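Asks:
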Amino acid sequence: PRAEAAARLLVELNPDVQGDFVEETAENLLEHNPAYFSNFSAVIATGLQEKTLLALAARLWDANVPLLVCRSYGFIGYMRLQMNEHPVVETHPDNDFDDLRLDRPFPALRAFVDSINMAELKDKEHSHTPYVVILLKALDEWQRQNSMQALPKSSQEKQAFKALIKGWIRPKGDQGSEDEENFEEAIKAVNKSLNPTEVPHQVKRLFEEEACLNITTESKPFWILIRALKDFVEAEGKGALPVRGTLPDMTSDTDRYVKLLNIYHAEADKDFRAVHHRVQQLLATIGKPEGFISEAEVKVFCKNAHALRLVRGRPLAAEYDAKDASVDTILTSLDSPDSEIIFYLMLRAADRFYSQYNRYPGFFEDQLETDISKLKASLCQVLEQLGSGPVAKDDYVHEMCRYGAAEIHTVAAFVGGCAAQEIIKLVTGQYVPLNNTFIFNGMTTTSETFVL
């Protein structure tokens, strides 16, 4: 059987995993044992008929099990991820920032910086002073000169601030004085490191969610952590998230870098302890054991609190209902000649064609010409269901019929790789998953995502 062969070959890829198979159609399982699908962390579906797929999607939506639909159709690759609610703690954002708290230095950081007198340092010490120290001392001087407590914000203010730092660089004399690379690093770090400490908008929105405000015995760990974080921000944090406790690489002597790193570590640990204490209080309130949320989970949560995300998806069935479908997105995208949305509509039309004729357009070469007109009619039906008039896309209709629902190895392999990546995101809770439709055009090797 195909299922047995697939399971055997998949297990060979990794000796540390186990695989199993069931010789049963999805239709029969849905009819006689629908609870079977609730046992999984995620379900991947491919090659299902539209009616079966919608029934499976409805079942998994109610069971809160993510569904990833994958498809390779000629040169077109398609993925649709259906998930109800998916929290992501370790998002690994591309535009990460340095949490140095220079605008509101905590006591230990302030004491360390104040203990260093730049004017009295020898050249080697001066050129190996961590740029965090340089930035904070420059900020103190800039605020004193301008009689203000704010950070430099405008381009003009930042240029003046950089000029202030540049003026502190000691000239390199004939006696071989040290290069002041640390000051160059400080100047480069102004835009990235000298920013106000505030709670990001997406985290504030999580604080306002009903699931955060009303913690019950049914609350998931994520929402208990969010509530503890909210309470921390309003109390110990004084409007700020926990200190992350990380320090970027920089030119510095080992002694002062380690001291500075330990200062940030200690502050981060103090904040973590405060959040963990609030988590324990919440767990006690709702009658949950202390181990319901581990210390390690709280620590990871605090470290990534600045980039928390909650992804809410849409059921697959919404795309088939004119009242719930993202009609504006589809029609607006259709107006763009470079948009891949047309292939979404063509796949929908091909499914409509299959439901009417029990085969895909172009599957039999001798029926190619008649299938073209039939597929045009199917496309018009899909567009009509979405409340749109006919669209002149004859070239695409011809191309879809020419495919004959063939699966090309290269396209299938590409879609399979993308699907594996999305499933890993879902299972590990790391990185933000697709929301919600991905289309790959193998003819132009371009792709596009849509929220449909």
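In terms of our numbering, the sequence shown is residues 138 to 589. The beta carbon of each residue, even a glycine, is placed where N, CA and C say it ideally should be. It should be emphasised that the depicted structure is a prediction, and the values quoted were computed from it without experimental measurement.
(1) Taking the continuous alpha helix (DSSP H) assigned at Ile302, which residues delimit it?
(2) According to DSSP, is Pro358 part of a helix, a strand, or is it coil?
(3) Could you check whether Val226 and Asn572 sit closer than 8 Å to each other, using their CB atoms as the reference points?
(4) Report, in whole angstroms, the separation of the C-beta atoms of Tyr491 and Gln186, which I expect to be a contact under 8 Å.
(5) Classify Leu218 as helix, strand or coil using the three-state DSSP reduction.
(6) Under the three-state reduction of DSSP, which class applies to Ser175: helix, strand or coil?
(7) With H, G and I counted as helix, E and B as strand and the rest as coil, what does DSSP make of Leu237?
(8) Jot down the residue ranges of each uninterrupted alpha helix (DSSP H) in the region 422 to 496, minimum 4 residues, whole runs only, in chain order.
(9) Contact between the region 531 to 545 and the region 203 to 220 is defined here as three or more beta-carbon pairs at a separation below 8 Å; is this criterion met?
(10) Going by the CB atoms, is the gap between Glu222 and Arg449 shorter than 8 Å?
(11) Assign Phe409 to buried or exposed, taking buried as 16 or more other Cβ atoms, counted over all protein chains shown, within 10 Å of its Cβ.
(12) Using 8 Å as the cut-off, can you tell me whether the region 322 to 331 makes contact with the region 368 to 379, which would need three or more C-beta pairs spanning the two stretches below that distance?
(13) Is the beta carbon of Thr422 sitting closer than 8 Å to the one on Asn319?
(14) Between which residues of its own chain and Pro289 is the CB-CB distance below 6 Å, once the five residues before and five after are set aside?
(15) So the candidates are Val370, Leu205, Asn351, Ala514; which of them puts its Cα closest to the Cα of Ile561?
(16) In this structure, what does DSSP give as the bridge partners for Ile181?
(17) Classify Asp251 as buried or exposed, calling it buried when 16 or more other Cβ atoms lie within 10 Å of its own Cβ.
(18) According to DSSP, is Gly313 helix, strand or coil?
(19) Buried or exposed: Lys325, going by 16 or more other Cβ atoms within 10 Å of its Cβ?
(20) Using DSSP's beta-bridge definition, name the partner residues of Pro224.
(21) Using 8 Å for Cβ pairs, my map puts Ile479 next to Lys530. What's the rounded Cβ distance?
(22) From the DSSP output, which residues share a beta bridge with Asn165?
(23) Does the Cβ of Gln282 have 16 or more other Cβ atoms within 10 Å, making it buried, or fewer, making it exposed?
(24) Who are the Cβ neighbours of Thr183 in its own chain at under 6 Å, not counting the five residues just before and after it?
(25) How big is the Cα-Cα spacing for Gly304 and Ala275?
(26) Identify whether Thr116 lies in helix, strand or coil by the three-state DSSP scheme.
(27) Candidates Pro498, Ala323, Gly382, Glu585: which alpha carbon is nearest Val437's?
(28) For Gly553, does the three-state DSSP call read helix, strand or coil?
(29) Following the continuous alpha helix (DSSP H) through Phe344, name the residue where it begins and the one where it ends.
(30) How is Phe320 classed by DSSP in three states: helix, strand or coil?
(31) Under the three-state reduction of DSSP, which class applies to Thr583: helix, strand or coil?
(32) Between which two residues does the alpha helix (DSSP H) carrying Ile576 extend?
(33) Short of 7 Å in beta carbon distance, which residues of its chain neighbour Glu415, apart from the five on each side in sequence? Order them along the chain.
(34) Tell me which residues share the same chain as Ala192 and place their Cβ nearer than 6 Å to its Cβ, disregarding the 5 neighbours each side in the sequence.
(35) Could you check where the alpha helix (DSSP H) with Asp503 kicks off and where it finishes?
(36) By Cβ distance below 8 Å, which residues in the same chain neighbour Gln286 in space, the five residues on each side in sequence not counted?
Replies: Concretely, from the data shown:
(1) Stepping through the sequence shown from its first residue, residue 302 is reached at position 165. 292 to 303 is the span of the alpha helix (DSSP H), which, as asked, contains Ile302.
(2) Translated into positions along the sequence shown, residue 358 becomes position 221. Note: Pro358 maps to helix in three-state DSSP.
(3) Within the sequence shown, the letter at position 435 stands for residue 572. Within the sequence shown, the letter at position 89 stands for residue 226. Contact: no.
(4) By one-based count along the sequence shown, residue 491 stands at place 354. By one-based count along the sequence shown, residue 186 stands at place 49. Indeed they touch by this definition, with Cβ atoms about 7 Å apart.
(5) To locate residue 218, count along the sequence shown from 1; it is residue 81. Here Leu218 sits in strand by DSSP.
(6) Translated into positions along the sequence shown, residue 175 becomes position 38. If DSSP states are grouped into helix, strand and coil, Ser175 belongs with the helices.
(7) Within the sequence shown, residue 237 is the residue found at index 100, counting from 1. Coil at Leu237, not helix or strand.
(8) 432 to 440, 464 to 471, 478 to 494
(9) yes
(10) Position 312 of the sequence shown, counting from 1, holds the residue named residue 449. Position 85 of the sequence shown, counting from 1, holds the residue named residue 222. Yes. Within cutoff.
(11) Against the sequence shown, residue 409 aligns to sequence position 272. Classification for Phe409: buried.
(12) no
(13) Residue 422 sits at position 285 when you count from the first residue of the sequence shown. Residue 319 sits at position 182 when you count from the first residue of the sequence shown. It is not a contact, given that the beta carbons lie outside the stated cut-off.
(14) As a working note, residue 289 is residue 152 in the sequence shown. The answer, listed in chain order, is Lys295, Phe298.
(15) By one-based count along the sequence shown, residue 561 stands at place 424. Of the candidates Val370, Leu205, Asn351, Ala514, the one whose C-alpha sits nearest the C-alpha of Ile561 is Leu205.
(16) Here residue 181 refers to the residue found at position 44 of the sequence shown. Paired residue(s): Leu205.
(17) Translated into the one-based positions of the sequence shown, residue 251 becomes position 114. It is exposed - the Cβ of Asp251 has fewer than 16 other Cβ atoms within 10 Å.
(18) For the purposes of this step, residue 313 is taken as the residue at position 176 of the sequence shown. For Gly313, the predicted structure reports a pLDDT of 47, less than 50, and the residue's modelled location is therefore unreliable. The matter cannot be settled from this model.
(19) Within the sequence shown, numbered from 1, the residue matching residue 325 stands at position 188. Its Cβ having fewer than 16 others within 10 Å, Lys325 is exposed.
(20) Numbered from its first residue, the sequence shown carries residue 224 at position 87. DSSP, once it has assigned bridges, lists Leu447 as partnering Pro224.
(21) The residue you call residue 479 lines up with position 342 of the sequence shown. The residue you call residue 530 lines up with position 393 of the sequence shown. Between Lys530 and Ile479 the Cβ distance is about 6 Å, and since that is below 8 Å, they are a contact.
(22) As a first step, residue 165 must be located in the sequence shown, where it is residue number 28. Paired residues: none, contrary to the question.
(23) Taking the first residue of the sequence shown as position 1, residue 282 is located at position 145. Classification for Gln282: exposed.
(24) Taking the first residue of the sequence shown as position 1, residue 183 is located at position 46. The answer, listed in chain order, is Cys207.
(25) Mapped onto the sequence shown, residue 304 falls at position 167. Mapped onto the sequence shown, residue 275 falls at position 138. Going by the C-alpha atoms only, they are around 10 Å apart.
(26) Since the first residue shown for the chain is 138 and the last is 589, residue 116 is missing from the structure and cannot be characterised.
(27) Translated into the one-based positions of the sequence shown, residue 437 becomes position 300. Here the closest residue by C-alpha is Gly382.
(28) Here residue 553 corresponds to residue number 416 of the sequence shown, with the count starting at 1. Note: Gly553 maps to helix in three-state DSSP.
(29) Here residue 344 is taken as the residue at index 207 of the sequence shown, counted from 1. Segment 338 to 344, the alpha helix (DSSP H) holding Phe344.
(30) As a working note, residue 320 is residue 183 in the sequence shown. Residue state, collapsed to three classes: helix.
(31) For the purposes of this step, residue 583 is identified with residue 446 of the sequence shown, where counting begins at 1. If DSSP states are grouped into helix, strand and coil, Thr583 belongs with the strands.
(32) Locating residue 576 in the sequence shown gives position 439, counting from the first residue. No alpha helix (DSSP H) holds Ile576; the beta strand (DSSP E) holding it covers 574 to 578.
(33) By one-based count along the sequence shown, residue 415 stands at place 278. Note on residue identity: the sequence assigns Arg, not Glu, to residue 415. The residues are Ala365, Asp368, Phe369.
(34) On the sequence shown, position 55 is the one that residue 192 refers to. Result list for Ala192: Leu167, in chain order.
(35) For the purposes of this step, residue 503 is taken as the residue at position 366 of the sequence shown. It is not in any alpha helix (DSSP H) - Asp503 carries neither H nor E in the DSSP assignment.
(36) Taking the first residue of the sequence shown as 1, we reach residue 286 at position 149. If we look at Gln286 and ignore the five residues flanking it on each side, its Cβ neighbours are Gln280.
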